[in-house]
Amino acid sequence: MGISKLTEEQVYEYDVNVKFYNNTRVVVDTEITPVYCMACSNQTGGLYHYDGSRYGQVGTVSCDVCHAEIFCTDDDNYRYQIHMSTKEYYNRFLCTKEEFDNKYRRVTLDFSKLYLLSESVFETLTQKGFDLSELGAYTQLSSINQLIREQYARPIPELNLYLDSKIRRVPPVVQEWYQILNELEIAEFKA
Ligand SMILES: [Zn+2]
0 MGISKLTEEQ VYEYDVNVKF YNNTRVVVDT EITPVYCMAC SNQTGGLYHY
50 DGSRYGQVGT VSCDVCHAEI FCTDDDNYRY QIHMSTKEYY NRFLCTKEEF
100 DNKYRRVTLD FSKLYLLSES VFETLTQKGF DLSELGAYTQ LSSINQLIRE
150 QYARPIPELN LYLDSKIRRV PPVVQEWYQI LNELEIAEFK A
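Sequence positions in the sequence shown follow numbering that gives the first Met the number 0 and run 0 to 190.
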């Protein structure tokens, strides 16, 4: 369990696991995440190895902009979303999620949305003629990128893209995925 900052070399070593349930439902399990600080409203520098939780408590990181301590929690299952707050861990027995979010300024990164790994995106890829059937039920985003690059067989511009203005830097494997989806006009990005 835990969350720890990666070096600029290490950020290339971590992937996003993608599970296809019954060939349709998509479940994301990421090993790498950005961190957003609600105390100063900035994305912290760097990217982080997200190694899951124990009973929902992931760990803390220090904001390198304002030095606030950021508490990270999740749902103790797949790493499909992470919650970050500036005061303390969310305890479901003390208050509702809404009360907690208001009181402790909590942000949730939903990786299906942030990394654009959803059923509709894969459906659109299939409609555009890409054959993803050789991917296993449990695969990684780097393998998906590689398979689409092989089938597309044209160069894809290396643009610096982002989806959410809060999170302008995403893991390299996700940046490559953004570039592919941008080239194929499957999603709209800011640059
Ligand atoms: Zn901060």
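Glycine included, C-beta positions come from ideal geometry on N, C-alpha and C.
Inter-residue spacing [alpha-carbon to alpha-carbon] between residue i and residue j
| i | j | result |
| --- | --- | --- |
| N132 | Y151 | The sequence shown places Ser at residue 132, not Asn. In a straight line, the C-alpha of S132 is about 15 Å away from that of Y151. |
| E149 | I143 | 10 Å |
| L115 | E8 | 24 Å |
| V17 | V27 | 5 Å |
| T6 | G45 | 8 Å |
| D75 | I81 | 10 Å |
| G128 | K165 | 33 Å |
| R91 | E97 | 11 Å |
| A190 | P33 | 18 Å |
According to DSSP, residues forming a beta bridge with residue i
| i | result |
| --- | --- |
| T191 | Outside the shown range of the chain, which is 0 to 190, sits residue 191, and nothing can be said about it. |
| Y11 | Answer is none; Y11 lacks a bridge partner. |
| K18 | V26, Y137 |
| Y161 | K189 |
Selected residue, minimal CA-CA separation from residue i, among the options
| i | options | result |
| --- | --- | --- |
| K86 | V106, T123, Y54 | V106 |
| F121 | R104, Y20, C71, C94 | Y20 |
| T123 | G135, I147, S141 | I147 |
| I69 | R78, K4, P171 | K4 |
So, does the segment 29-43 touch the segment 64-74, judging by three or more C-beta pairs under 8 Å? yes
Does the segment 147-156 come into contact with the segment 176-188, if we say contact requires no fewer than three beta-carbon pairs (one atom in each stretch) closer than 8 Å? Touching, per the Cβ criterion.
Let me know the beta strand (DSSP E) ranges lying completely inside the segment 47-125, each 3 residues or longer, listed in chain order. 47-49, 56-61, 68-72, 80-84, 106-109
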